[in-house]
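Comments concern the structure below.
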């Protein structure tokens, strides 16, 4: 079973790029359009290996999603990549983000970061 | 004997610096219907029930049943007090005031002495001394009668409370009874210009031997009697008025807004949410109160806009649950009608709520309506300063809304008033971006604290307001005419180009399989198709339909 990665992003174009990038290395991609949907997907898939999230999203933003993962779900072990164009997005690292990837991002670099975060053999 | 004879009437003892002095003769004076008898009897009744001081009522009224009916309309049971031996009511004729002989007391004084012996009375209400005029037509005789009567009551150890009709001669004429008493309290009923209802006022015009607060102060009849609302007098704020909470932050209840404010609003000082209609100003106030209720800080919403029941329904639709906090008393919702809300009364009620229920957060919706309550337009700022100072002294964080009329045509910010009176100012507006009306939020002012100057989108989510996108690359939004490209440019135009560049590099690698190369080319094809579509959407460009390079005329 390939490792599952949740991509939480309101922009369809970004979701498409991330999906293409990850699927080239055989990761399984689950998508959500905002933080609220992200939480639902997290509940549905308890075997997620990584979350990649945008910060500025409608309904529920990435900060709230991070807070939910770290404090409500108590998933301290789950790596969460923050994908953002905001200049002050580094604040997300203080809220539990594992690493920050700035938009526009290089798919090659994204793949390398994902490989580092998910040890081989992780479901 | 204690120093002050408390009236037990909320607000009146404040005007009297604690109450009347014992044995001072007190005159309650006013036109018919101004509440003299009610105030007088309330002082007697409170003396009995609250301060253990029995009392007497001496009435010259020709209709005893009317007095009883009027007092019982407030739920005051005269029979109960009388049966307990703490109250006696004497109905007497004015003629009985005249002593039978110069060295003897009058019949009235004799009856008072007997009643005092039976009850141990401390207070006596004489209703009213205007009837003394029926005892004699000669003003000199009237004056002598009143002075002699008062002296006898004082000698007996009583504190007399007299009522008297205020004639139609006006304030400039002072009746003789004002000279012979120690304290004069004037009750008035006046219709102010522009006000739909007459305003009742009370004024301590004279209070011999004691401090008092002068001026006319509003009062009203409630189901429990009379309640007085002393003016709040301005005074400078001292160091002691600004507690430690000034440096701390209180959550707005909206995580994105808290981040823009670097933690929330400054505790204990006033803040403002200004914006055009329909930009969620009231919702911001309610989330601020909900956050307070959750953090153990009771709150109060003073609304001149939506009635509580309607407001709760609206909030429920927006995913904000305030109903439980209201039911449990952690949040109070007050609805007031601007033109029928005397500010002194409102200030007094707010101050009492703060003292009794330890209110820590107050939200006022809106400043515009608050100003409509101010009797003189030129004093709006004075009342605002008074209210905000009162909140600061009590350590209460106040959050106001202000409505701005302009929508998107020109700068709305220039319309925000009283900016200097608020430490933090949050602006809510609406702007048209790419044919869409978006609600925006920005922090215009953050005195003495860090705050972001970003302009962000704000919208209603399933659990209240959410602050999201920053408008990257756009300028002129607050002026209502955004220029430049939106953050979507990065996501929809730049990102596909960067991705295709990377995919191309990957496709050129020798180690990848033919299948992988095929997937990469296919993906690049899809991305370029997406890019075409976005270029058309953003700029109206049709990349695939160009006419090719132009050539100078005449060259084949």
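Protein chains in written order, with this note's numbering: chain A, 289 to 411; chain B, 315 to 870. Just so it is clear, CB atoms sit at the ideal spot from N, CA and C, and this is done for glycine as well. Treat the numbers as computed from the prediction; the structure is a model and nothing was measured.
Check whether the Cβ of residue i lies closer than 8 Å to any Cβ atom in chain A.
i: residue 577 of chain B; result: no
i: residue 830 of chain B; result: yes
i: residue 817 of chain B; result: yes
i: residue 804 of chain B; result: yes
i: residue 276 of chain B; result: Nothing about residue 276 of chain B can be read from this structure; chain B reaches only from 315 to 870.
i: residue 844 of chain B; result: yes
i: residue 319 of chain B; result: no
i: residue 813 of chain B; result: yes
i: residue 660 of chain B; result: no
i: residue 740 of chain B; result: no
i: residue 833 of chain B; result: yes
i: residue 882 of chain B; result: Residue 882 of chain B lies beyond the stretch modelled for chain B, which goes from 315 to 870, so this question has no answer here.
i: residue 820 of chain B; result: yes
i: residue 724 of chain B; result: Reliability of the predicted coordinates at residue 724 of chain B is poor, the pLDDT of 47 falling under 50, and no value is obtained from them.
By Cβ distance below 6 Å, which residues in the same chain neighbour residue i in space, the five residues on each side in sequence not counted?
i: residue 495 of chain B; result: 339, 341
i: residue 714 of chain B; result: 586, 678, 681
i: residue 351 of chain A; result: 383
i: residue 321 of chain A; result: 298
i: residue 644 of chain B; result: 607, 612
i: residue 479 of chain B; result: 444
i: residue 870 of chain B; result: Caution is warranted here: a pLDDT of 36 is assigned to residue 870 of chain B, below 50, making its placement in the model unreliable, and the coordinate value is therefore given only provisionally. Closer than 6 Å at Cβ, skipping near neighbours: no residue.
i: residue 826 of chain B; result: none
i: residue 372 of chain A; result: 343
i: residue 656 of chain B; result: 532
i: residue 616 of chain B; result: 648, 678
i: residue 838 of chain B; result: 814, 817
i: residue 650 of chain B; result: 618
i: residue 761 of chain B; result: 737
So which residues on chain A does residue i lean against when the C-beta distance must stay under 8 Å?
i: residue 810 of chain B; result: 301, 305
i: residue 569 of chain B; result: 349, 351, 352, 355
i: residue 775 of chain B; result: 324, 346, 347, 348
i: residue 573 of chain B; result: 351, 379
When you compare the CB of residue i with every CB in chain B, is at least one pair closer than 8 Å?
i: residue 396 of chain A; result: yes
i: residue 290 of chain A; result: no
i: residue 312 of chain A; result: yes
i: residue 392 of chain A; result: yes
i: residue 296 of chain A; result: no
With residue i and residue j assumed to form a contact (beta carbons below 8 Å), what rounded beta-carbon distance in angstroms separates them?
i: residue 292 of chain A; j: residue 316 of chain A; result: 5 Å
i: residue 389 of chain A; j: residue 398 of chain A; result: 6 Å
i: residue 466 of chain B; j: residue 423 of chain B; result: 5 Å
i: residue 502 of chain B; j: residue 344 of chain B; result: 6 Å
i: residue 661 of chain B; j: residue 701 of chain B; result: 7 Å
i: residue 365 of chain B; j: residue 322 of chain B; result: 7 Å
For residue i, which residues from the same chain have a beta carbon less than 7 Å from its beta carbon, with the 5 sequence-adjacent residues on both sides left out?
i: residue 427 of chain B; result: 470
i: residue 672 of chain B; result: 612
i: residue 364 of chain A; result: 358
i: residue 498 of chain B; result: 341, 343, 492, 519, 520
Using the beta-carbon of each residue, which ones in chain B are nearer than 7 Å to residue i?
i: residue 325 of chain A; result: The premise fails here: residue 325 of chain A is roughly 11 Å from chain B at the closest Cβ pair, so nothing lies under 7 Å.
i: residue 308 of chain A; result: 837
Going along the chain, which residues of its own chain have a beta-carbon closer than 8 Å to the beta-carbon of residue i, five neighbours each way excluded?
i: residue 781 of chain B; result: 568, 569, 570, 571, 573, 574, 755, 770, 771, 772
i: residue 402 of chain B; result: 370, 371, 396, 429, 432, 433, 435
i: residue 386 of chain B; result: 392
i: residue 805 of chain B; result: none
Anything in chain B within Cβ reach of residue i, meaning under 8 Å, just list it in chain order.
i: residue 401 of chain A; result: Within chain B, no residue comes near residue 401 of chain A; the closest Cβ sits about 14 Å away, beyond 8 Å.
Run the proximity test for residue i: is its beta-carbon closer than 7 Å to any non-hydrogen atom belonging to the ligand FMN?
i: residue 504 of chain B; result: As presented, the structure is devoid of all ligands, the ligand FMN included, so that no description of it is given.
Mind listing, in chain order, the continuous alpha helix (DSSP H) runs of no fewer than 4 residues lying wholly within the stretch 343 to 396 of chain A?
350 to 355, 379 to 382
Contiguous beta strand (DSSP E) assignments of at least 3 residues, all confined to the stretch 632 to 714 of chain B:
645 to 649, 675 to 679
Mind listing, in chain order, the continuous beta strand (DSSP E) runs of no fewer than 3 residues lying wholly within the stretch 425 to 497 of chain B?
437 to 441, 473 to 479
Which full runs of the beta strand (DSSP E) of 3+ residues lie inside the stretch 358 to 412 of chain B, going along the chain?
369 to 373, 401 to 405
Which whole runs of the beta strand (DSSP E) in the stretch 500 to 553 of chain B are 3 residues long or more, in chain order?
513 to 521, 530 to 536, 539 to 542
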